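Inspection log for the structure reproduced underneath, given as structure tokens.
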Amino acid sequence: MNPYDFVPVDWEHPPVLRPLVEHHNLNGLHGTIECKITAETPIFISNDPDSNKPKKFLQNSQGEYFIQGSSLKGMLRSVVETVGPGCWVLFDGTYKGEDDGEKDYNRKLPRNFSKCDNPDKLCPACLLFGIVNGDKVHYQGRVGVDDAICTNAVPHEPIYTIILSNPKPRHEIWYLDHDKLAGRKYYFHQQEISTLSGWKTTREGKKLNQYLTPLNGGSTFLFKVSFKGLDNEELSLLLYALFLEENMRHKIGYAKPAGLGSVKIEPVSMKMTDFRSRYKVGAESQVFDANKLTDYINEMAAVYRNKNSITMEALRRIWRWPPDYQRCSYPDREWFDKNSMAPISET
Ligand SMILES: [Zn+2]
811 MNPYDFVPVD WEHPPVLRPL VEHHNLNGLH GTIECKITAE TPIFISNDPD SNKPKKFLQN
871 SQGEYFIQGS SLKGMLRSVV ETVGPGCWVL FDGTYKGEDD GEKDYNRKLP RNFSKCDNPD
931 KLCPACLLFG IVNGDKVHYQ GRVGVDDAIC TNAVPHEPIY TIILSNPKPR HEIWYLDHDK
991 LAGRKYYFHQ QEISTLSGWK TTREGKKLNQ YLTPLNGGST FLFKVSFKGL DNEELSLLLY
1051 ALFLEENMRH KIGYAKPAGL GSVKIEPVSM KMTDFRSRYK VGAESQVFDA NKLTDYINEM
1111 AAVYRNKNSI TMEALRRIWR WPPDYQRCSY PDREWFDKNS MAPISET
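Below, the structure written as structure tokens:
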């Protein structure tokens, strides 16, 4: 069984597109939410280059372990794109096959799901997180995510992961299911992590697995999410993407197929100002402590938590916590039989 599955898209309900209104930045709900991340499994984030030494967890200039805000933002955006729903911003529709040449999948994606490119018609994900085309930022978005700084690092021994990459990249993200895109790829949480006793290499010496030093389950991080000019619907969607449901967890970082990266995100506090009422009395900032914030989130996120659709049901099943999925033995025997790189050797 694969360590991932696809969250299907309800093709009958395309993204609702709305114009970007400049005064969004002045009106609406502005605020900052402080959040706590607790690793449920070992977790690993790095920008170390490949070498024979175990890769180290990312550290900032003060020597603190951290998770980049951009990684967290990407994770939140993909939840928003899934449940919003949003456009398929990463979909370019063309893949180079190893044996059957380039394929154009553009026609497999219904037009009303394609990437937003008109500021008068933006999907919920682009309205919240902005539009980036290559290196060019067309619109910043109205949600900012800071780096998550580690407040308690539980050490873990270096590990050799299982083989993480799929040999056929064009199958990586967008499998076709009966000639339609199968959906968005999400990794299951796993009860145990999967490791090997050393490097796996091809006969030519190409490394197929990773050697890394994760932080262990129980490690904690704090980070802030800021937002401006949101309406109630947008804040509901953001809060759902952040805190999901009681028996769901996010997955972030490296080695997801090996069972790493399951995290719990909890609210700590929020400060919010409602600028829709700034000309009225009492438009000052409201401060929510953890209890008050939990009640507020329960109220705001209920629209998604109570929603049943093929999309929501699949997301709940794949990101269910605690997991049903025991551990991954991926790639399996069949992979080695089909793959020209086999046989591999353990060194
Ligand atoms: Zn969009």
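Under the working numbering, residues 811 to 1157 are what the sequence shown spells out, in order. Glycine residues also receive a C-beta, built at the ideal position from the N, C-alpha and C atoms. Just so we're clear, the structure is a prediction, and the values are computed from it rather than from any experiment.
Check your understanding: Does at least one heavy atom of ligand 1 sit under 7 Å from the Cβ of residue 925?
Key -> yes
Check your understanding: Taking just the CA atoms, how far does residue 827 sit from residue 839?
Key -> 20 Å
Check your understanding: Between which two residues does the alpha helix (DSSP H) carrying residue 883 extend?
Key -> 879-893
Practice item. Mind checking which residues open and close the alpha helix (DSSP H) that includes residue 1065? Key: Here residue 1065 belongs to no alpha helix (DSSP H), and DSSP marks it neither H nor E.
Check your understanding: Which of the three DSSP states, helix, strand or coil, is assigned to residue 1126?
Key -> helix
Point to revise | Endpoints, alpha helix (DSSP H) assigned at residue 927 | key: From DSSP, residue 927 is part of no alpha helix (DSSP H); its letter is neither H nor E.
Review point. For residue 1053, which residues of its own chain have a beta-carbon under 7 Å away from its beta-carbon, when the five flanking residues on both sides are left out?
Key: 1075, 1077, 1107 and 1111
Exercise for review: Please report how far the alpha carbon of residue 949 lies from the alpha carbon of residue 935, in whole angstroms.
Suggested key: 12 Å
Practice item. Output the boundary residues of the alpha helix (DSSP H) element that contains residue 1053. Key: 1042-1053
Exercise for review: Compute every distance between the C-beta of residue 893 and the non-hydrogen atoms of ligand 3, then say whether any falls below 7 Å.
Suggested key: The ligand content of the structure shown is limited to ligand 1, which means ligand 3 is not among them.
Exercise for review: To the nearest angstrom, report how far apart residue 887 and residue 898 are at their CA atoms.
Suggested key: 11 Å
**Study point:** For residue 1100, three-class secondary structure by DSSP
**Key:** helix
Review point. For residue 1124, is the beta carbon positioned less than 7 Å from some heavy atom of ligand 1?
Key: no
**Study point:** Distance, residue 918 Cα to residue 1079 Cα
**Key:** 43 Å
Exercise for review: Can you tell me which of the three DSSP states residue 973 falls into?
Suggested key: coil
Exercise for review: List the DSSP bridge partners of residue 841.
Suggested key: 1037 and 1082
Exercise for review: Quick one: residues in its chain with C-beta nearer than 7 Å to the C-beta of residue 1070, no 5 flanking neighbours on either side, listed in chain order?
Suggested key: 851, 852, 853, 854, 1003, 1024, 1063 and 1064
Exercise for review: Report yes if the C-beta of residue 849 is less than 7 Å from at least one heavy atom of ligand 1; otherwise report no.
Suggested key: no
Review point. Is residue 956 helix, strand or coil by DSSP?
Key: coil
Review point. Helix, strand or coil: how does DSSP classify residue 1032 here?
Key: strand
**Study point:** Distance cut-off 7 Å: residue 896 Cβ against heavy atoms of ligand 1
**Key:** yes
Check your understanding: So does residue 932 have its beta carbon nearer than 7 Å to some heavy atom of ligand 1?
Key -> yes
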